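Anchor point for the sequence shown: position 314 equals 335 in our numbering, and the numbering is continuous, going up by one each time.
Just so it is clear, CB atoms sit at the ideal spot from N, CA and C, and this is done for glycine as well.
Please read these numbers as outputs of a predicted model, since none were measured by experiment.
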Amino acid sequence: MLTSKLVEKKAKLGVIGLGYVGLPLCVEFARAGYRVTGIDKDARKVEKLNAGESYIQDVPTESLREIMKAGLFTATTDFGVLRELDTVDICVPTPLRKTKDPDISYVAAAVEEIEKYVHPGMLIILDSTTYPGTTDELILTRLERTGLHVGRDFYLAFSPERVDPGNPDWNTKNIPKVVGGVTPACTEHAALLYRLTLGPVVPVSSTRVAEMVKLLENTFRSVNIGLVNELALMCDRMGIDVWEVIDAAATKPFGFMRFYPGPGLGGHCIPIDPFYLSWKAKESGFEARFIELAGQINGSMPYYVASKVADCLNDIGKPVRGANVLVLGVAYKQDIDDIRESPALDVMKLLMEKGGRVSYSDPHVPSLTLNGSEMRSVPATPSELSRHDCLVITTAHSAFDYGAIVATGVPVVDARNALKDHAAPHVRKI
Ligand SMILES: NC(=O)c1ccc[n+]([C@@H]2O[C@H](COP(=O)([O-])OP(=O)(O)OC[C@H]3O[C@@H](n4cnc5c(N)ncnc54)[C@H](O)[C@@H]3O)[C@@H](O)[C@H]2O)c1
């Protein structure tokens, strides 16, 4: 029985997709004393992991080696291991297509493999962010084709991952895990797994509620960031410092939550997930207007930052064409190495389109490919900074020396208020 296997730590756990979400989950499962198999279709990642090398910043190589030494973790590209596994968490990507429609093909591919090996007593949990209805419509339908019956022969649940890479306080282990099963037995088994391995569990009444919880959380962020970005555009026209306004408003002890403007949204969650919801809502004839509006405003921010760079260069009598511009920080947020959907890349592309000679500096991203060409990070040393006509702060990494940046006297566009303690006439905030 799955319950006793879980309680006695005899259950063999599996995770499909060993990225920012799946790998930390494997580590927590193993730390709780379970044998864990990670499955990924990327053979290079699997090879690295089996050699005891982590490629995820939140999983130190030492932690990986500890669980491997204890014989509790292995990685494989072979889905045949699912035959032996008692539980499997699906942590594969859920991106958007170019048309902003959900690309659910990674989940579908993982489910196709599970369908081949699902067996009585197995627990399957989808952790990838997706639209309400995915677990029922896509996964349940396929797994029941095997003749096995949900809630009796196998268990199926949705449990959104809420990890915030780089967050020193909140991680896979201590963030409460929302769980919604197809049947009450499904919820109970998934909740038991997480209670035994992670922290607090929040059971909800269905998979659709659990799916919607994650989309509410990320839409909440997208819409509030959209609001504050619009306020930044408005304050700029009105000659008001939006950052000062936010700081003062945040002294209200209740009813206000601080959000900051910036160069736009980045990462694999906030710019993408709300569109999963608006796409699905359309099926019910509902237009998700806040989501679309926030998407438009947030999506316009890289253009705004690029226009500020043009203004800065104009002040020193230079066109963007031929100007040397250094972008400081390409990761989508501070102190991490993830550049997925990063608005800094959009700012760079826009300036390049106008003929700017753009380079970047990011201590966490040694190289990247933009418009088909490889670029390498340059060091943010005083001599390198001074070689440029304009500096653009798109990510506020703690490794940057902001005093030194201002001291160069090179015009700066500061999209993160990183220079708040270094006011100078050659610094423009957004
Ligand atoms: N990154 C975050 O901060 C975060 C936070 C919360 C939720 N999420 C959600 O979690 C999910 C995973 O995101 P991520 O950031 O970990 O993605 P990721 O790209 O870092 O990792 C996904 C992994 O899945 C593998 N993969 C893809 N298709 C596969 C398949 N069919 N079989 C086996 N492996 C496959 C990839 O090779 C990759 O290693 C997404 O739905 C995302 O929205 C991400």
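C-alpha gap between TYR325 and LEU286, whole angstroms: 13 Å
Alpha helix (DSSP H) segment containing ASP367, residue limits: 364-374
6 Å Cβ shell around TYR127 - same chain, five flanking residues per side excluded: VAL113, PRO114
Touching by the beta-carbon criterion (3+ pairs, under 8 Å), the stretch 293-310 and the stretch 142-159: yes
Distance CB(LEU144)-CB(ILE160) smaller than 8 Å: no
Distance, ALA130 Cα to ALA365 Cα: 32 Å
Segment contact, 8 Å Cβ cut-off, at least three pairs: the stretch 247-254 with the stretch 417-431: no
Closer than 8 Å to chain D by CB, ASP185: Annotation note: the requested chain D is absent from the structure, which comprises a single protein chain.
Residue closest to HIS447, alpha-carbon to alpha-carbon, out of LYS441, LEU440, VAL433, ALA439: VAL433
Same chain, Cβ closer than 7 Å to LEU117, five either side skipped, listed in chain order: PRO123, ASP124, ILE293, PHE296
Separation of ASP148 from ILE88, as counted between CA atoms: 22 Å
Residue burial classification, PRO340 (beta-carbon count within 10 angstroms, cutoff 16): exposed
TYR281 versus ILE267 - alpha carbon distance: 8 Å
The stretch 199-210 in contact with the stretch 56-71 per 3-pair CB rule at 8 Å: no
SER363 CB to nearest heavy atom of ligand 1 below 7 Å: no
Boundaries (first-last residue) of the beta strand (DSSP E) holding MET233: Where MET233 is concerned, there is no enclosing beta strand (DSSP E), although the alpha helix (DSSP H) it sits in stretches over 228-259.
VAL184 Cβ short of 7 Å to ligand 1 heavy atom set: yes
DSSP three-state assignment for LEU34, whether helix, strand or coil: strand
Member of ARG163, LEU214, ASP410 whose CA lies at the smallest distance from the CA of ASP110: LEU214
As assigned by DSSP and simplified to three states, the class of LEU15: Only positions 22 to 451 of the chain appear in this structure, which leaves residue 15 out of reach.
Those residues which DSSP pairs with VAL69 across a bridge: The question names Val, but residue 69 in the sequence shown is Lys. DSSP output for LYS69 lists no bridge partner at all.
Given 8 Å, three or more beta-carbon pairs between the stretch 355-362 and the stretch 311-322: no
N-terminal and C-terminal residue of the alpha helix (DSSP H) that ARG216 is part of: 205-218
Span separating the alpha-carbon of GLU134 from that of GLY101: 8 Å
Complete runs of the alpha helix (DSSP H) confined to the stretch 85-138 [at least 4 residues]: 126-138
Of the listed residues PRO205, VAL223, THR204, nearest to PRO197 (C-alpha basis): VAL223
Beta carbon of VAL368 nearer than 8 Å to that of PRO323: yes
Three-state class that DSSP yields for LYS303 in the structure shown: helix
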